[in-house]
Structures are given as structure tokens and as C-alpha cells.
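Residue numbers (the numbering used here): 117 to 235.
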């Protein structure tokens, strides 16, 4: 079939696009069979590529099942804070946040947004 760009293929497929003027397109005309083979091969390659990508990005069923079950704070791995803090547990982070809420500029608390869902 040769090396054709999508632009030249489209110009050859659309009626009234000057398909007989071969000087500007850089090649001969394509038969309807070649056009169908090119389009079919492109669709097959695209579907196979997307199938492979979807399988590569899939999450194992066991991980999905565990994600639907709430976990205790003690079951999470320790978090490395670096510097002077070292590693801390999730429980320590939550307790610190509850005892020391973040400072609000101007001392006015923002309006609380409605909770939609999540943790």
C-alpha cells in the first residue's frame, strides 16, 4: 500500500477533492479494497492496543474487595515524615491534627462544605 498519510487518504476517499490530481498528493489513487483494508487494520490495531492497556491497568479483584472494607488506623503502614519526625502512624497524625487544627488567616473559619461521601 505504501506510505500514505491520513490527509492524502482522506482526500482520496472524499468525492470532489481532486483525487485525479496526483501531483499534489504524492502518489496514485487507492482502490476501495485498499481503503477498507487500511481502515480495518487501523481499527484492529487500536482495539488490540486499548485491550492490552486496559488489562495492564486493571486492579486485582482481591484489592478491590479489600478496598470496600473499612480498615482500622492501626493496620496502615507507618508514614515516613523525614527530617526530625522519622516515621509516624496514621493514628498519631490524626490525633495531632485533632489537637492542633490548622490556623485560619484572619481567625474566621470558612463555611463548612456539605460532605458528599468518602472517608
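For every residue, glycine included, the Cβ atom is placed at its ideal position computed from N, Cα and C. All values reported here derive from a predicted model rather than from experimental measurement.
Notebook entry, point to check: Taking all protein chains shown into account, do 16 or more other C-beta atoms lie within 10 angstroms of the C-beta of residue 197, making it buried, or fewer, making it exposed?
Noted result: In the chain shown, counting from the first residue as 1, residue 197 sits at position 81. That one is exposed.
Note to self: Here's the rule I'm using: 16 or more other beta-carbon atoms within 10 Å means buried, otherwise exposed. How should residue 146 be labelled?
What the structure shows: Stepping through the chain shown from its first residue, residue 146 is reached at position 30. Residue 146 is buried by the Cβ-count criterion.
Check: Between which two residues does the beta strand (DSSP E) containing residue 197 stretch?
Finding: Within the chain shown, numbered from 1, the residue matching residue 197 stands at position 81. 195-198 is the span of the beta strand (DSSP E), which, as asked, contains residue 197.
Check: Which residue or residues does DSSP assign as beta-bridge partners of residue 190?
Finding: The residue you call residue 190 lines up with position 74 of the chain shown. The partner list for residue 190 (beta bridge, DSSP) is empty, contrary to what the question assumes.
Item checked: Those residues which DSSP pairs with residue 203 across a bridge -> Translated into the one-based positions of the chain shown, residue 203 becomes position 87. Answer by DSSP bridge pairing, in chain order: 196.
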